[in-house]
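Reading through the structure tokens given below for one structure.
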Amino acid sequence: MPTAASNGFQILPGYLNRPAQEALVEDIRTIMKAAPFYQPTMPRSGKPMSVKMTNAGQLGWMTDKDGGYRYQAVHPVTGKPWPAIPRSIMAIWEAVSFYPHSPEACLINHYHSLTSKMGLHVDADEDAKDAPVVSISLGASALFRIGGSSRKDATRSVRLSSGDVVVLGGASRHFYHGIDRLYPETSTLLPSPQRLNITLRRVSAPVSPAS
Ligand code: MD3
Ligand code: FE
2 MPTAASNGFQ ILPGYLNRPA QEALVEDIRT IMKAAPFYQP TMPRSGKPMS VKMTNAGQLG
62 WMTDKDGGYR YQAVHPVTGK PWPAIPRSIM AIWEAVSFYP HSPEACLINH YHSLTSKMGL
122 HVDADEDAKD APVVSISLGA SALFRIGGSS RKDATRSVRL SSGDVVVLGG ASRHFYHGID
182 RLYPETSTLL PSPQRLNITL RRVSAPVSPA S
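So the sequence shown is numbered by the numbering used here: it starts at 2 and just counts up by one.
Take a look at the structure:
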């Protein structure tokens, strides 16, 4: 039984069994039809990220050269609202987040090749500072790195595998983290070395006791 560390970082290895993982891949395929993966680019430099992204939910996280990091209600290419977060994904939030409000953003990162990675960063674009982030890994295993609240803090590395769920609550919510590499031939869920990561987030500070 995994227990919550004092910093609120909790990993649930193998939380989703194979049929549940397959069902999530189907849900993502449905999302992709309405909201195709697009190529995010860095603020100002316009340098493309090595992962592609899409979203579900009232708000989607995005980045491009001119607008920078932000949440917005519509897809940057189609201009249409993001599709709703599937019930299956909502149910995972309800089961693991211990947070009394719904997530508004469901960001889907697609690591499509062995060179896909994500540099150390802090997720800081959300107003709901007390809400956890829930992450779901599908497909190839990846080397995840998490440090502390300062970029200089020591980091530790954890291998995330298909079906693992991570809950980032408490202090860990504001820790530096990233993905250093993928491990090919570690899962048959997706064509190797592809990996999908779903993150669920509350963006706006809740006003009422529920929703
Ligand atoms: C620790 N995604 O989308 S998931 C991201 O695997 C992101 O695609 C990575 O970092 C991925 O922002 C890591 C695990 C994760 C997600 C959010 C966090 C770890 C986190 C927020 C705060 C601290
Ligand atoms: Fe992040």
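All C-beta atoms in this analysis are idealised placements derived from N, C-alpha and C, irrespective of residue type, glycine included.
The alpha helix (DSSP H) enclosing residue i, as first and last residue numbers
{"i": "tryptophan 83", "result": "It is not in any alpha helix (DSSP H) - tryptophan 83 carries neither H nor E in the DSSP assignment."}
{"i": "threonine 31", "result": "19 to 35"}
{"i": "arginine 88", "result": "88 to 97"}
Integer Cβ distance of residue i from residue j, believed to fall under 8 Å
{"i": "isoleucine 199", "j": "isoleucine 137", "result": "4 Å"}
{"i": "asparagine 56", "j": "tryptophan 83", "result": "5 Å"}
{"i": "alanine 143", "j": "leucine 183", "result": "5 Å"}
{"i": "methionine 33", "j": "proline 41", "result": "At roughly 15 Å, the Cβ-Cβ gap does not stay under 8 Å, so methionine 33 and proline 41 are not in contact."}
Extent of the continuous beta strand (DSSP E) run through residue i
{"i": "alanine 106", "result": "106 to 112"}
{"i": "alanine 143", "result": "142 to 147"}
{"i": "serine 158", "result": "157 to 161"}
{"i": "valine 168", "result": "166 to 169"}
{"i": "methionine 43", "result": "Element bounds for methionine 43: n/a, residue is neither H nor E."}
{"i": "alanine 57", "result": "53 to 57"}
{"i": "glutamine 73", "result": "71 to 73"}
Residue i CB to nearest heavy atom of the ligand MD3 below 7 Å
{"i": "histidine 178", "result": "yes"}
{"i": "arginine 174", "result": "yes"}
{"i": "aspartate 124", "result": "yes"}
{"i": "alanine 143", "result": "yes"}
{"i": "leucine 25", "result": "no"}
{"i": "methionine 119", "result": "yes"}
{"i": "valine 134", "result": "yes"}
{"i": "isoleucine 147", "result": "yes"}
{"i": "leucine 190", "result": "no"}
Identified DSSP bridge partners for residue i
{"i": "histidine 178", "result": "His122, Ile147"}
{"i": "phenylalanine 10", "result": "Leu169"}
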